[in-house]
Amino acid sequence: MEFATRLIHPGKEIDPVTGASSVPIFLASTYHHASLDEPPAFDYARSGNPTRAALEEAAAQLEGGAAAFAFSSGMAAIASVLMLFSAGDHLIASEDVYGGTYRLLTTVLARLGIATTFVDTTDPERVAAAVRPNTKALYIETPSNPTLKITDLRAMVAIARRHGLLTIVDNTFLTPYRQRPLELGCDIVVHSATKFLSGHSDVVAGLAVVRDPELGRRLYAVQNAVGAVLGVQDSWLLLRGLKTLKVRLDQAERTAAQLAAWLKTHPAVQRVYYPGLSDHPGHATHRAQATGDGAVLAFDLGSAEAVRRFVQAVRLPLVAVSLGAVESILTYPARMSHAAMPSEVRRARGIGDGLLRLSVGLEALEDLQADLAQALEATSAALPQR
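In this note's numbering, each residue carries its 1-based index in the sequence shown increased by 5.
Take a look at the structure:
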């Protein structure tokens, strides 16, 4: 079936007992053991829940994986995946990862004896040069957050296989609708399902999908031991959000592409980051591994003062730390998503004080563009002329 159809018909959409058109919300925390010799499919809600299981089966199917696991947040999913590694192990990560991931790698895992080297993963030679005898995995964001750098996933898989490494990809920005890393040979995909997969700014959730069943058993053991599982109500909301993923992303992506092209011509904007632009450094690579460009873009206004003026003037986008919702969301990475990254590290990765990230929602293009235009005009008028 086509992707749009699989979103609506993942296989558990009709309740076999009642015929209900929605997966029931099973609020039970524990389950009866009819026999001590044959344990039931579900025994305790931390270990498994029927509503959560339906979500996990849908996620595995959409990503083309062997198994999926739903967590209480995107960071809970990422942290649980990284708990597959042990003291003395070494990881290689994209240098411009999400600030929360950077914080986890540098302040928590480092304290536990797991070292990370941050590399420009758009350059396969740098990645290969960073491999050590104790390297265990590559951790990649593509497009990266927030500068939307593109990493060649096939090249990363080739390096990983030469050295016996796992390849882990954060696929939050594109979702399985636009990019399926497991089909390109990657081993694990993680999502902040709070974002596009849910799509309505009312759920905090994470997903991890694995290509190999044995890897899935290992990750389940971590999930069950740690217990950072997704609650049943949020599992149901996420199942509901998935049904409209394609139509939401189709619309938002069309608007994002037009806004990126327009912002690129605006005199108040110094630079626009969007993989759909033909002059984006990773444009060709992106088009070879993804079926669309997504609804997230970034643009640089040149200074923190310009950003402050712009944010005060803009009216439609929500100014917040998230993305991927029906409403457009404007984020200031220096103070929000990447505040955990030291300023000198952040600037070295191209995340300057004038950078804004825009997650385009479902508002009309004309209204969004008019609002951004008036905010840019107000910003230019308020700043001293050079």
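Note that beta-carbon positions come from the ideal geometry of N, C-alpha and C, so glycine has one too.
Task: Beta-carbon contacts of residue 310 that lie in its chain and below 7 Å, excluding the five residues immediately before and after - done: As a first step, residue 310 must be located in the sequence shown, where it is residue number 305. Once the five neighbours on either side are set aside, the close Cβ partners of residue 310 are 388.
Task: Residues sharing a beta bridge with residue 196, DSSP - done: Residue 196 sits at position 191 when you count from the first residue of the sequence shown. Beta-bridge pairing links residue 196 to 212.
TODO: Starting from the Cα of residue 383, find the closest Cα among 324, 195 and 306 and give me that residue.
DONE: The residue labelled residue 383 in the question sits at position 378 within the sequence shown. Nearest C-alpha to residue 383 among 324, 195 and 306: 306.
- [ ] Within the same chain, show all residues whose beta-carbon is closer than 6 Å to that of residue 121, passing over the 5 residues directly before and after it, in chain order.
- [x] For the purposes of this step, residue 121 is taken as residue 116 along the sequence shown, with counting starting at 1. Correct list, in chain order: 96, 98 and 110.
- [ ] Count the other C-beta atoms from every protein chain shown that fall within 10 angstroms of the C-beta of residue 139, then say buried if there are 16 or more, exposed otherwise.
- [x] Position 134 of the sequence shown holds residue 139. Classification of residue 139: exposed, given that the 10 Å Cβ count is below 16.
Open item on the list: Helix, strand or coil for residue 141? Go by DSSP, reduced to three states.
Closed with: The sequence position of residue 141 within the sequence shown is 136, counting from 1. Residue 141 carries a strand assignment under DSSP once its states are collapsed to helix, strand and coil.
Open item on the list: Quick test of the definition: if touching needs 3 or more C-beta pairs under 8 Å, does the stretch 85-92 touch the stretch 268-277?
Closed with: no
TODO: Since I believe residue 199 is in contact with residue 327 (beta carbons under 8 Å), could you give me their beta-carbon distance rounded to a whole number of angstroms?
DONE: In the sequence shown, the residue the question calls residue 327 occupies position 322. In the sequence shown, the residue the question calls residue 199 occupies position 194. Contact flag correct, Cβ pair sits at about 6 Å.
- [ ] For residue 118, collect the residues of the same chain with a Cβ closer than 7 Å to its Cβ; drop the 5 residues on either side in sequence, then sort them by chain order.
- [x] Start at 1 with the first residue of the sequence shown, and residue 118 comes out as number 113. Cβ within range, chain order: 92 and 93.
Open item on the list: Which residues does DSSP list as the beta-bridge partners of residue 99?
Closed with: In the sequence shown, counting from the first residue as 1, residue 99 sits at position 94. For residue 99, which the question treats as bridged, DSSP gives the partners 124.
Open item on the list: With DSSP as the reference, identify every bridge partner of residue 364, one or two as the case may be.
Closed with: Stepping through the sequence shown from its first residue, residue 364 is reached at position 359. According to DSSP, residue 364 bridges with 301 and 334.
TODO: Determine the DSSP secondary structure at residue 315, reduced to helix, strand or coil.
DONE: Numbered from its first residue, the sequence shown carries residue 315 at position 310. Residue state, collapsed to three classes: helix.
Task: C-beta atoms of residue 256 and residue 189 nearer than 8 Å - done: Reading the sequence shown from its first residue, position 251 is the one you call residue 256. Reading the sequence shown from its first residue, position 184 is the one you call residue 189. No, the Cβ-Cβ distance between residue 256 and residue 189 is not below 8 Å.
- [ ] Would you check if there are 3 or more beta carbon pairs closer than 8 Å linking the stretch 362-373 to the stretch 331-344?
- [x] yes
- [ ] Check each candidate in 348, 187, 222 and 182 and name the one with the smallest Cα separation from residue 172.
- [x] Position 167 of the sequence shown holds residue 172. Ranking 348, 187, 222 and 182 by Cα distance to residue 172 puts 187 first.
Open item on the list: When you compare the CB positions of residue 63 and residue 15, do they come within less than 8 Å of one another, or not?
Closed with: Residue 63 sits at position 58 when you count from the first residue of the sequence shown. Residue 15 sits at position 10 when you count from the first residue of the sequence shown. Yes, Cβ-Cβ distance for residue 63 and residue 15 is below 8 Å.
Task: Pairwise C-alpha distance: residue 373 and residue 275 - done: Looking up residue 275 in the sequence shown gives position 270. Looking up residue 373 in the sequence shown gives position 368. Distance between the alpha carbons of residue 275 and residue 373: 19 Å.
Open item on the list: Our contact map puts residue 225 next to residue 74 with C-beta atoms below 8 Å; I'd like the distance itself, whole angstroms only.
Closed with: As a position in the sequence shown, residue 225 is number 220, starting the count at 1. As a position in the sequence shown, residue 74 is number 69, starting the count at 1. Right, their Cβ atoms sit about 6 Å apart.
TODO: Classify residue 145 as buried or exposed, calling it buried when 16 or more other Cβ atoms lie within 10 Å of its own Cβ.
DONE: Within the sequence shown, numbered from 1, the residue matching residue 145 stands at position 140. By the neighbour-count rule (16 or more Cβ atoms within 10 Å), residue 145 is buried.
Open item on the list: Just to confirm my understanding: we take residue 344, look at its own chain, exclude 5 residues before and 5 after, and list those with CB closer than 7 Å. What are they?
Closed with: Counting from 1 along the sequence shown, the entry for residue 344 is found at position 339. Hits under 7 Å: 104.
Open item on the list: Alpha carbons only, please: which of 176, 376, 210 and 217 is nearest the one belonging to residue 192?
Closed with: Here residue 192 corresponds to residue number 187 of the sequence shown, with the count starting at 1. Of 176, 376, 210 and 217, the smallest CA-CA separation from residue 192 is found for 217.
TODO: Compare the C-alpha of residue 287 against each of 227, 314, 125 and 215 and name the closest.
DONE: Position 282 of the sequence shown, counted from the start, is the residue given in the question as residue 287. The candidate whose alpha carbon is nearest that of residue 287 is 125.
TODO: Tell me where the alpha helix (DSSP H) around residue 354 begins and ends.
DONE: For the purposes of this step, residue 354 is taken as residue 349 along the sequence shown, with counting starting at 1. Premise fails: residue 354 is in no alpha helix (DSSP H) and is neither H nor E.
Task: Beta-bridge pairing of residue 173 - partner residues as DSSP gives them - done: Here residue 173 refers to the residue found at position 168 of the sequence shown. 144 and 193.
Open item on the list: In whole angstroms, give me the CA-to-CA distance for residue 284 and residue 166.
Closed with: Position 279 of the sequence shown, counting from 1, holds the residue named residue 284. Position 161 of the sequence shown, counting from 1, holds the residue named residue 166. A direct Cα-to-Cα measurement between residue 284 and residue 166 gives close to 31 Å.
Task: Segments of 3+ residues assigned as beta strand (DSSP E) that fall wholly inside the stretch 206-272 - done: 211-215
Task: Alpha-carbon to alpha-carbon, residue 44 and residue 176 - done: Numbered from 1 along the sequence shown, position 171 holds the residue referred to as residue 176. Numbered from 1 along the sequence shown, position 39 holds the residue referred to as residue 44. Distance between the alpha carbons of residue 176 and residue 44: 36 Å.
Open item on the list: Comparing C-alpha positions only, which one of 30, 377 and 86 sits nearest to residue 227?
Closed with: Taking the first residue of the sequence shown as 1, we reach residue 227 at position 222. The residue with the shortest Cα to Cα distance from residue 227 is 86.
Open item on the list: What does the alpha-carbon distance come out to for the pair residue 164 and residue 133?
Closed with: Looking up residue 164 in the sequence shown gives position 159. Looking up residue 133 in the sequence shown gives position 128. Whole-angstrom Cα-Cα distance: 6 Å.
Open item on the list: According to DSSP, is residue 57 part of a helix, a strand, or is it coil?
Closed with: Here residue 57 is taken as the residue at index 52 of the sequence shown, counted from 1. For residue 57, the secondary structure class from DSSP, reduced to helix, strand or coil, is helix.
Open item on the list: Can you give me the C-alpha to C-alpha distance between residue 2 and residue 260, rounded to a whole angstrom?
Closed with: Outside the shown range of the chain, which is 6 to 391, sits residue 2, and nothing can be said about it.
Task: Three-state class that DSSP yields for residue 277 in the structure shown - done: Mapped onto the sequence shown, residue 277 falls at position 272. If DSSP states are grouped into helix, strand and coil, residue 277 belongs with the strands.
- [ ] May I ask which residues mark the beginning and end of the beta strand (DSSP E) holding residue 73?
- [x] Locating residue 73 in the sequence shown gives position 68, counting from the first residue. 72-76 is the extent of the beta strand (DSSP E) around residue 73.
- [ ] With distances taken Cα to Cα, identify the nearest neighbour of residue 213 among 36, 317, 61 and 325.
- [x] Here residue 213 refers to the residue found at position 208 of the sequence shown. Checking every option, the nearest Cα to that of residue 213 belongs to 61.
Task: Helix, strand or coil at residue 117 [DSSP, three-state] - done: Counted from its first residue, the sequence shown places residue 117 at position 112. Here DSSP, grouped into helix, strand and coil, assigns residue 117 to coil.
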